[in-house]
Structures are given as structure tokens and as C-alpha cells.
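Per the working numbering, the very first residue in the sequence shown carries number -4; after that it's consecutive. Each residue gets a CB set at the ideal place from its N, CA and C atoms; glycine is no exception. A short worksheet on the structure shown next.
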Amino acid sequence: SFINNLSLENVIITNNFADWGGGIYCYYSGLSLENVTIIGNSADYGGGIYCADNSNPNLINSILWNNNPQEIYFHYQYSPSSVTISYSDIQGGEEGIETNDNGIINWLEGNIDANPLFADTLYHLSSNSPCIDAGIPDTTGLNLPPFDLDNNFRVWDGDNNGIAIIDMGTFEYDAPPFVSVNGEIVTNPSSSALFQNYPNPFNSSTTISFELTAKDAKNAKIEIYNIKGQKLKTLDVILSGAEGTTIWNGNNDSGKLVGSGIYFYKLKVNGKPEQIRKCILLR
-4 SFINNLSLEN VIITNNFADW GGGIYCYYSG LSLENVTIIG NSADYGGGIY CADNSNPNLI
56 NSILWNNNPQ EIYFHYQYSP SSVTISYSDI QGGEEGIETN DNGIINWLEG NIDANPLFAD
116 TLYHLSSNSP CIDAGIPDTT GLNLPPFDLD NNFRVWDGDN NGIAIIDMGT FEYDAPPFVS
176 VNGEIVTNPS SSALFQNYPN PFNSSTTISF ELTAKDAKNA KIEIYNIKGQ KLKTLDVILS
236 GAEGTTIWNG NNDSGKLVGS GIYFYKLKVN GKPEQIRKCI LLR
């Protein structure tokens, strides 16, 4: 069956073969692709995406790589098609798109043509991938869920420059699991225990406590993040044996008070994230 105006988010399309459109066959349709990875597909025409008869796919924050013989192919007759691409990694750039003089390429800002440098066969990004924090800076208006295909935060500061920008592709690099309703995430429970802050909700200040259970655990610190994944504050901690406490006064590293809302505090031990909990600030 055929579906018009399909939207795909956080999807991987790989290892397919067809006569037309190894990854996607788009016929007389508007197609929205957000944080989609299309890789390793093949076809007689249009290994990645095949467009025919007034099709108008729109790609953002996506990766098209190693699709043969073309990343995107326009049918040579019938009504012309168009493709709109922004903040995406397309192998070959515009040259990877064959229009057959029967359509338009809207090549917008933020696109790159660089090896995504995947870390594994599941197409997670490696630490030096050019796709990290390379997506659209403002995700307002996108239909993305708050988590990626691994149920990790969809927008995160993957390159640790203090600015959280969404990655290209299906997975967000180095993002922690998306927080559950009860506010707790345990990523390495054998080496630490992070307790709920008190009071919570809080108005002016709140106390955060934790316990280090691994023998080699040291150099602990607490980091505060907003719901966009931007780091706001690094807190000094007081250690008494394996137990640690710190107080957050609701300000950022510049000393400016932050507004009411939901925030996340992360325990890092030996430079690695251990656990995250959610807190609520009410001014």
C-alpha cells in the first residue's frame, strides 16, 4: 500500500535492495525525515531515496551514506519532484543527488559531506564524528520525541562546549537515558547511589546527597542541566568517606538565578556519568 505525507523520526533504514528506491520509494508524496539514518541500501535507481511524480521529501538532521548507485534519484519523466535538505550529512553533497533535469534541490544551511564515523554496526556516532552537535540549533517546531531510538535524551551537549545541539542521525552521542516519571535513572548502580534532593520542589536552595560504593570511586561532582541538555552549573561537593553532599542555590555558573522549571542533576565519578535525577524549582 502507499502512504502520502509520511513522517519518520529517529529511524534507521539499512541493508535493503529494490528496483527503485532501496531505502525509500517516494511517489507523489510529501515525506518528512527528521533524525533518520539511511545507509547501505541499494537499487537499480535511487539506493537511498527514489522520487517520482511530484514528490517532495524534506530532510533535516539526517544521514544518507553508502547508498548505491545514488543517495537520491529523481525519475526522469512525469511531474518534476523536489527535495529540501538542511543540517544533514549527504555523501557526495549535491552531487550525490541525480535529478535527471526533472526537479529541484533545495540545499539549505547546515549540510555537510563527511564520513559520519559510526562507532558500530548499529550506527551510533563515534566520539570524533562530524555529526555530533551538527543538527539544527533550534528544534522548535520539529515533531521529535524527547528521546532517541535508544531512549536517551534527543538533544544533548555531545561535544561538551556548554551548548546543547541535536546531532545528525538516529542516535544522540553520549546522552544519558531519558528521565523516567519518578525522576531516577541508574546507569551504573554498582559504583554509586544518587539520592533525591530535598526539599523537592524547592524555592531558594536544595541539598543533593550521594554515596560512592566502588573502591576506586573518587573525584565526584554534581552537574546541573536544563531540559534542553545544557549544562548550567558544576557544584563542589563535600566528601565524608564514601558519602557526599552539596547544595544548589538555583543559580548557574555565572551566578545568575535560573527560572522556575524542571532541572536534572547528574553525578559524575572519575569523569564518567553515573546517575541522573530530576528536581523542580519553583520561584
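DSSP, reduced to helix, strand and coil, places G224 outside both helices and strands of the structure shown, so it counts as coil. When C-alpha distances from I7 are compared across T202, G224, L117 and W102, the shortest belongs to L117. When DSSP assignments are scanned along the segment 105 to 147, no uninterrupted stretch of alpha helix (DSSP H) that is 4 or more residues long falls wholly within it. In terms of Cβ geometry, I127 and G105 do not form a close pair [threshold 8 Å]. Residue pairing for L277: DSSP places it in no beta bridge. A Cβ-Cβ separation of about 7 Å places P196 in contact with L276 under the 8 Å criterion.
Residue state for E90 is assigned as helix, using DSSP reduced to three classes. DSSP places N62 outside any beta strand (DSSP E), giving it a letter other than H or E.
Contact between G35 and F148 is absent: CB atoms are separated by about 27 Å, not below the 8 Å threshold. In terms of Cβ geometry, I58 and P132 do not form a close pair [threshold 8 Å]. A straight line joining the alpha-carbon of D14 with that of Y40 spans about 7 Å. Between Y82 and G130 a beta carbon distance of about 5 Å is seen, short of the 8 Å cut, so the two are scored as contacting. Counting the other Cβ atoms within 10 Å of the Cβ of L252 gives fewer than 16, which makes it exposed.
The residue from L103, A170 and S199 with its alpha-carbon nearest to that of H119 is A170.
Under DSSP, D84 takes part in a beta bridge, and its partners are I58 and I107.
Between I257 and T241, the gap from beta carbon to beta carbon reaches 8 Å or more. In terms of Cβ geometry, D115 and G88 do not form a close pair [threshold 8 Å]. Under the three-state reduction of DSSP, Y73 is assigned to coil, being neither helix nor strand. Across the structure, S24 and N0 are spaced so that their CA atoms are roughly 6 Å apart. A distance of 8 Å or more separates the beta carbons of S2 and S37. As the crow flies, the alpha-carbon of I233 is around 19 Å from that of I271. Around the C-beta of G43, 16 or more other C-beta atoms lie within 10 Å, and the residue is accordingly described as buried. In the three-state reduction of the DSSP assignment, P194 falls in the coil class, being assigned neither a helical nor a strand state. DSSP, reduced to helix, strand and coil, places S249 outside both helices and strands of the structure shown, so it counts as coil.
In the three-state scheme derived from DSSP, where H, G and I count as helix and E and B as strand, I8 is classed as strand.
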